[in-house]
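Here the sequence shown stands for residues 1 to 336, numbered as in our numbering.
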Amino acid sequence: MHPRRFVASVVVLVVALAGTAGAGGQGAASETPRTPWGDPDLQGIWEYWTFTPLQRPDDFADRAVLTEEEAAAVGERNRQAALTRDRETPAEGDTGAYGQEVWTERSRATALTQASLIVDPPDGKIPPFTAAEERRIEAHRRAGGRPVRTRAGGIGTDGPEDRGLAERCIVGFSTGPPLLPAGYNNNVQIFQAPGYVVLVVEMIHDVRVVPLDGRPHLPDHMRQWLGDARGRWEGDTLVVETTNFTDKIASFSTTSVSWGTGGDLKLIERFTRIDDGTLQYEFTVENPSIFTRPFTASYPMNRSDLPLYEYACHEGNYGLMNILTGARAEDAAAAP
Numbered sequence: 001m002h003p004r005r006f007v008a009s010v011v012v013l014v015v016a017l018a019g020t021a022g023a024g025g026q027g028a029a030s031e032t033p034r035t036p037w038g039d040p041d042l043q044g045i046w047e048y049w050t051f052t053p054l055q056r057p058d059d060f061a062d063r064a065v066l067t068e069e070e071a072a073a074v075g076e077r078n079r080q081a082a083l084t085r086d087r088e089t090p091a092e093g094d095t096g097a098y099g100q101e102v103w104t105e106r107s108r109a110t111a112l113t114q115a116s117l118i119v120d121p122p123d124g125k126i127p128p129f130t131a132a133e134e135r136r137i138e139a140h141r142r143a144g145g146r147p148v149r150t151r152a153g154g155i156g157t158d159g160p161e162d163r164g165l166a167e168r169c170i171v172g173f174s175t176g177p178p179l180l181p182a183g184y185n186n187n188v189q190i191f192q193a194p195g196y197v198v199l200v201v202e203m204i205h206d207v208r209v210v211p212l213d214g215r216p217h218l219p220d221h222m223r224q225w226l227g228d229a230r231g232r233w234e235g236d237t238l239v240v241e242t243t244n245f246t247d248k249i250a251s252f253s254t255t256s257v258s259w260g261t262g263g264d265l266k267l268i269e270r271f272t273r274i275d276d277g278t279l280q281y282e283f284t285v286e287n288p289s290i291f292t293r294p295f296t297a298s299y300p301m302n303r304s305d306l307p308l309y310e311y312a313c314h315e316g317n318y319g320l321m322n323i324l325t326g327a328r329a330e331d332a333a334a335a336p
């Protein structure tokens with residue numbers, strides 16, 4: 001099925017199921033809003049951009065929490081740095097940076113009072129690699145760096161396989177899983193139906209259908225780019241456990257850096273509605289073959305009243321075709 005038709009079908013299914021569940025719904029068991037069938041209501045579009053860094057800066061090495069003034073200073077410093085890049089005149093012959101920062105989340109985001117998104121280990125850092133992973137990294141480097149597991153960038157231009165996964169429109173560079181703030185399009189829409197939660201990310205319009213009925217994970221040999229998700233409720237918190245990731249992705253990635261391989265990755269995500277405008281998100285990365293210990297990050301998402309538009313990635317992008325056409329024209333002109 002075409003991806004767009006699949007997404008549309010999922011949304012229609014969720015809406016239809018939700019509409020049929022009201023007759024048997026339960027009353028609210030707490031202050032957390034409930035769906036007609038009694039589950040905590042997490043539905044809506046949630047935005048998750050912040051200037052707070054993933055790992056704790058050395059400036060705050062011994063502090064997990066900043067003052068309001070320090071957090072505001074971090075946000076303002078990064079925001080001004082982003083806007084300053086727009087005001088710089090590119091060198092002659094250079095087209096400048098990609099896009100205009102004023103149109104991205106970087107121009108209006110703030111920083112949290114937590115010193116880093118990572119809250120465990122206590123130092124706010126990604127744990128060291130295991131000795132086995134250090135050896136694998138060296139072997140991967142000697143072999144030419146393939147497969148490419150980074151989201152953006154790449155190792156060369158000989159073919160599409162040398163480019164990052166987000167550049168190839170396979171997975172987004174901010175939407176994981178796990179969800180991680182990046183430069184723009186940091187949005188996820190949550191739908192719910194009896195026995196299911198559906199996560200639709202803006203970039204690259206990936207859909208995760210999370211069953212809540214306790215079914216087992218897929219057989220071990222079945223591997224997927226987004227893994228195989230299973231959910232459950234722990235009180236008012238949605239817990240999503242994802243395994244069965246393909247080894248073609250990293251165990252953990254930011255926009256331009258990747259760590260390890262995803263074959264043994266178990267990802268635990270937690271979604272908790274704090275109030276009408278806030279959804280607390282937490283994820284834990286467990287991969288004992290890569291990292292010496294698990295690590296956990298946590299941050300709030302904010303409700304958005306804006307619609308979620310299609311992110312078409314490279315559809316209709318003629319840039320590469322035009323670049324290659326120009327290169328072939330130069331080759332022809334230089335031929336004897």
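Cβ atoms here follow ideal geometry from the backbone N, Cα and C, with glycine treated the same way.
Buried/exposed call for residue i, threshold 16 Cβ in 10 Å
{"i": "Arg141", "result": "exposed"}
{"i": "Met222", "result": "exposed"}
{"i": "Gly235", "result": "exposed"}
{"i": "Thr242", "result": "buried"}
{"i": "Met321", "result": "exposed"}
{"i": "Pro160", "result": "exposed"}
{"i": "Gly24", "result": "At Gly24 the pLDDT is 38, less than 50, meaning the model places this residue with poor confidence; the figure from the coordinates comes in the next sentence. Counting Cβ neighbours within 10 Å, Gly24 comes out exposed, since fewer than 16 surround it."}
{"i": "Trp259", "result": "buried"}
{"i": "Arg219", "result": "Position check: residue 219 holds Pro in this sequence, whereas Arg was assumed. Per the 10 Å Cβ criterion, exposed."}
{"i": "Ala28", "result": "The pLDDT assigned to Ala28 is 37, lower than 50, so where the model puts this residue is not dependable, and the model offers no usable value."}
{"i": "Gln26", "result": "With a pLDDT of 39 at Gln26, under the threshold of 50, the modelled position of this residue cannot be trusted; read the value that follows with caution. Label assigned to Gln26: exposed."}
{"i": "Ala329", "result": "exposed"}
{"i": "Asn186", "result": "buried"}
Beta strand (DSSP E) segment containing residue i, residue limits
{"i": "Glu134", "result": "Unbroken run through Glu134 is the alpha helix (DSSP H), Ala131 to Arg142; no beta strand (DSSP E)."}
{"i": "Glu310", "result": "From DSSP, Glu310 is part of no beta strand (DSSP E); its letter is neither H nor E."}
{"i": "Glu269", "result": "Lys266 to Asp275"}
{"i": "Tyr281", "result": "Thr278 to Glu286"}
{"i": "Asn187", "result": "Asn187 to Ala193"}
{"i": "Val65", "result": "Here Val65 belongs to no beta strand (DSSP E), and DSSP marks it neither H nor E."}
{"i": "Leu199", "result": "Tyr196 to Val201"}
{"i": "Glu241", "result": "Thr237 to Thr243"}
{"i": "Ile45", "result": "Gly44 to Glu47"}
{"i": "Trp225", "result": "First-last for Trp225: undefined, no H or E at that position."}
{"i": "Arg208", "result": "Val207 to Pro211"}
{"i": "Asp247", "result": "No beta strand (DSSP E) contains Asp247, which DSSP labels as neither H nor E."}
{"i": "Val119", "result": "Ile118 to Asp120"}
Distance between residue j and residue i (C-alpha atoms, nearest Å)
{"i": "Pro127", "j": "Gly231", "result": "26 angstroms"}
{"i": "Phe291", "j": "Gln189", "result": "31 angstroms"}
{"i": "Trp49", "j": "Ala335", "result": "51 angstroms"}
{"i": "Thr67", "j": "Ser116", "result": "13 angstroms"}
{"i": "Thr175", "j": "Tyr184", "result": "11 angstroms"}
{"i": "Ala327", "j": "Ala333", "result": "10 angstroms"}
{"i": "Arg273", "j": "Gly263", "result": "31 angstroms"}
{"i": "Arg136", "j": "Thr237", "result": "37 angstroms"}
{"i": "Ala72", "j": "His217", "result": "43 angstroms"}
{"i": "Pro294", "j": "Leu54", "result": "15 angstroms"}
{"i": "Gln192", "j": "Thr284", "result": "23 angstroms"}
{"i": "Leu265", "j": "Asp158", "result": "30 angstroms"}
{"i": "Gly277", "j": "Pro300", "result": "10 angstroms"}
{"i": "Asn78", "j": "Ala111", "result": "9 angstroms"}
{"i": "Ala81", "j": "Thr52", "result": "14 angstroms"}
{"i": "Glu138", "j": "Gly145", "result": "9 angstroms"}
{"i": "Ala61", "j": "Val74", "result": "15 angstroms"}
{"i": "Val209", "j": "Asp331", "result": "49 angstroms"}
{"i": "Asp213", "j": "Gly38", "result": "15 angstroms"}
Unbroken alpha helix (DSSP H) run spanning residue i, endpoints
{"i": "Asn322", "result": "Gly319 to Ala334"}
Top-ranked residue by Cα proximity to residue i, from the options
{"i": "Phe245", "options": "Tyr48, Asn287 and Gly214", "result": "Asn287"}
{"i": "Ala64", "options": "Leu267, Ile204, Thr175 and Pro121", "result": "Pro121"}
{"i": "Thr113", "options": "Pro177, Gly260 and Glu69", "result": "Glu69"}
{"i": "Leu199", "options": "Phe295, Ile249, Arg270 and Gly214", "result": "Arg270"}
{"i": "Thr261", "options": "Asp331, Val209, Thr130 and Gly159", "result": "Thr130"}
{"i": "Asp58", "options": "Ala71, Lys125 and Glu76", "result": "Lys125"}
{"i": "Gln224", "options": "Lys248, Leu238 and Ser289", "result": "Lys248"}
{"i": "Thr35", "options": "Glu76, Asn186, Tyr196 and Ala71", "result": "Tyr196"}
{"i": "Arg215", "options": "Trp37, Val240, Ile204 and Ile155", "result": "Val240"}
{"i": "Glu133", "options": "Ser289, Ala250, Gly319 and Gly38", "result": "Ser289"}
{"i": "Phe173", "options": "Met203, Asn78, Asp213 and Tyr311", "result": "Met203"}
{"i": "Val119", "options": "Thr296, Leu308, Asp39 and Tyr311", "result": "Thr296"}
{"i": "Thr255", "options": "His205, Gly38 and Val171", "result": "Val171"}
Residue-chain proximity (residue i, chain C), Cβ-Cβ < 7 angstroms
{"i": "Asn302", "result": "Among the chains of the structure shown, chain C does not appear; only one protein chain is present."}
Per the contact definition of three or more C-beta pairs closer than 8 angstroms, is the region 29-47 in contact with the region 297-315?
yes
Is it true that the region 142-152 meets the region 163-172, where meeting means three or more beta-carbon pairs spaced less than 8 angstroms apart?
yes
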